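Enquirer: My structure is below; once you've seen it, I'll send some questions.
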Amino acid sequence: MRAIVGLTVVICAATLYLYILSSYLPTGPRYPQKGKENGETSDTDQNKESDFTGEEQRLKFPSDLEDLRNLSELLHFYKTEHTGYILLLFCSAYLYKQAFAIPGSSFLNILAGALFGPWQGLVLACGLTTVGSTMCFLLSQAFGKHYITNLLPGKVSMLQRKVEENQSCLFFFLLFLRFFPMTPNWFLNMSAPIVNIPVTSFIFSVFIGLMPYNFICVQTGSMLSELSSLDELFSWTRVLQLLAMACAALLPGFLIRRYSQTHLKLDGPVPSGVARKTQ
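According to my numbering, the sequence shown is numbered sequentially starting from 36.
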């Protein structure tokens with residue numbers, strides 16, 4: 036009972052903080068005035084500015100590409116004069132999703148690329164993924180061990196057995212779990228303290244193991260934010276960028292797969308490719 040009360044207090048406090056942070060946006064920058072030489076704003080600019088003003092109270096986690104596009108435009112609008120605030124808001128929202136194992140972090144990875152660019156976005160996404168997953172690990176360790184074991188006894192027992200069998204190369208086993216779909220990431224984050232995975236191994240396996248996935252999402256967001264039309268997506272430059280992204284993401288998975296065939300003890304055949312992640 037004490038664990039449920041403690042977890043409820045943490046969730047309520049984090050939710051209240053994020054609600055206040057997203058509800059009281061600072062004054063947005065004035066939309067650039069165009070068209071009239073006498074200094075009056077054109078009807079189009081007034082409409083855009085009023086649209087952004089109307090969106091101020093409707094910040095929400097994106098659930099599809101349309102939500103993602105609208106949110107990206109709104110945050111870009113504020114980022115011109117309130118970079119620190121937008122960075123704080125983005126980090127808080129990302130950590131909230133990761134810490135409480137809420138699906139949909141892939142949209143935030145794409146948003147990181149659109150807002151902060153390919154390389155700053157990648158560093159930010161990898162860092163936040165690691166910190167957020169570690170927060171989930173610690174919350175589970177403090178409040179959730181008993182309940183997770185009772186809710187998912189079969190999965191926890193299987194993971195415990197595989198961790199014990201691969202104790203001699205535990206770090207590479209954890210990397211394998213991040214690359215391939217034996218278990219979703221949210222479950223691994225919550226069950227890791229239950230099966231006695233050391234927190235240091237957990238942290239480094241998250242940072243390294245999810246880097247290819249974060250790289251693809253961030254690069255995708257960066258590319259989409261630069262496109263002015265769909266025709267640009269099929270240019271030779273974009274095609275080569277997509278091929279390079281695919282190679283960069285598949286290479287670590289290929290190396291881990293080769294290593295797992297000779298060193299790791301796994302049930303069934305090893306998957307042949309990098310699977311879609313569930314964060």
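A virtual CB, placed ideally from N, CA and C, is assigned to each residue, including glycine. Quick caveat: nothing in here was measured; it's all calculated off a predicted structure.
1. With distances taken Cα to Cα, identify the nearest neighbour of Gly119 among Leu60, Leu174, Phe142.
2. Excluding the 5 residues flanking Thr169 on each side, which residues of the same chain have their C-beta closer than 6 Å to its C-beta?
3. Would you kindly report the start and end of the unbroken alpha helix (DSSP H) that includes Gln195?
4. Hey, which unbroken runs of the alpha helix (DSSP H) at 4 residues or more fall wholly within the stretch 120-190?
5. Following the continuous alpha helix (DSSP H) through Met225, name the residue where it begins and the one where it ends.
6. Leaving out the 5 sequence neighbours to the left and right, which residues in its chain are closer than 8 Å to Cys161 when beta-carbon positions are compared?
7. Using alpha carbons as the reference points, say which of Ser98, Met258, Pro97, Ile229 lies closest to Val198.
8. Is the stretch 145-157 close to the stretch 186-200, with three or more CB pairs under 8 Å?
9. Assess contact between the stretch 212-225 and the stretch 175-183, defined as three or more Cβ pairs (one per stretch) separated by less than 8 Å. Is contact present?
10. Give the DSSP-derived three-state secondary structure of Arg37 in the structure shown.
11. Using only the alpha-carbon positions, how far apart do Pro97 and Leu187 sit?
12. Take the Cβ of Gly41 as the centre, count every other Cβ of all protein chains shown within 10 Å, and call the residue buried at 16 or more, exposed below.
13. Tyr315: buried (16+ other C-beta within 10 angstroms of its C-beta) or exposed?
14. Using a Cβ-Cβ cut-off of 7 Å (strictly less than) and excluding sequence neighbours within five positions of Leu103, which residues of its own chain qualify?
15. Given that a residue counts as buried once 16 or more other Cβ atoms are within 10 Å of its Cβ, and exposed if not, what is Ala136?
16. Apply the 10 Å Cβ neighbour rule to Lys132 and answer buried if 16 or more other Cβ atoms are within range, or exposed otherwise.
17. Measure the CB-CB distance between Gly256 and Gly167 and report whether it falls below 8 Å.
18. Using DSSP with H/G/I as helix, E/B as strand and the rest coil, what is Tyr113?
19. Rounded to whole angstroms, what's the CA-CA distance from Tyr113 to Leu205? Just pull it up for me.
20. Could you give the DSSP three-state label for Asn249: helix, strand or coil?
21. May I ask which residues mark the beginning and end of the alpha helix (DSSP H) holding Phe96?
22. Would Leu159 and Ser107 qualify as a contact pair, given that the criterion is a beta-carbon distance under 8 Å?
23. Measuring CA to CA, which of Ser192, Phe211, His117, Pro153 is closest to Asn231?
24. Counting only the same chain and skipping the five closest in sequence on each side, list residues whose C-beta sits under 8 Å from that of Ser236.
25. Are the Cβ atoms of Val45 and Leu174 separated by less than 8 Å?
26. Within 10 angstroms of its Cβ, does Tyr129 collect 16 or more other Cβ (buried), or is it exposed?
27. Using the Cα positions of Phe211 and Thr218, report the straight-line distance between them to the nearest angstrom.
Expert: Walking through what the data contain:
1. Nearest Cα to Gly119 within the set Leu60, Leu174, Phe142: Leu60.
2. These residues qualify, in order along the chain: Ile238.
3. From DSSP, the alpha helix (DSSP H) with Gln195 extends over 188-200.
4. Entirely contained in the stretch 120-190, the alpha helix (DSSP H) runs reaching 4 residues are, in chain order, 140-151, 153-174, 180-186.
5. In the DSSP assignment, Met225 falls within the unbroken alpha helix (DSSP H) covering 220-226.
6. Here the set comprises Phe242, Leu245, Met246, Asn249.
7. With distances taken between Cα atoms, Val198 lies closest to Ile229.
8. Taking a cut-off of 8 Å for Cβ pairs, the stretch 145-157 and the stretch 186-200 do not touch, as fewer than three such pairs fall below it.
9. These segments touch.
10. Taken through DSSP and simplified to helix, strand or coil, Arg37 comes out as helix.
11. Distance between the alpha carbons of Pro97 and Leu187 is about 29 Å.
12. The C-beta of Gly41 has fewer than 16 other C-beta atoms within 10 Å across all chains shown, which makes the residue exposed.
13. Missing from the structure shown is residue 315; the chain here goes from 36 to 314 and no further.
14. Excluding positions up to five away in sequence, the list reads Pro97, Phe142, Ile145, Leu146.
15. Classification for Ala136: buried.
16. Buried.
17. Result no, Cβ atoms of Gly256 and Gly167 do not sit closer than 8 Å.
18. Taken through DSSP and simplified to helix, strand or coil, Tyr113 comes out as helix.
19. Looking at the two C-alpha atoms, the distance is approximately 44 Å.
20. Three-state result, Asn249: helix.
21. From DSSP, Phe96 is part of no alpha helix (DSSP H); its letter is neither H nor E.
22. 8 Å or more divides the Cβ of Leu159 from the Cβ of Ser107.
23. Of the listed residues, the one whose Cα sits closest to Asn231 is Ser192.
24. These residues qualify, in order along the chain: Leu205, Phe206, Leu209.
25. Yes, the Cβ-Cβ distance between Val45 and Leu174 is below 8 Å.
26. By the 10 Å Cβ count, Tyr129 comes out buried.
27. Spanning the two alpha carbons is a distance of roughly 10 Å.
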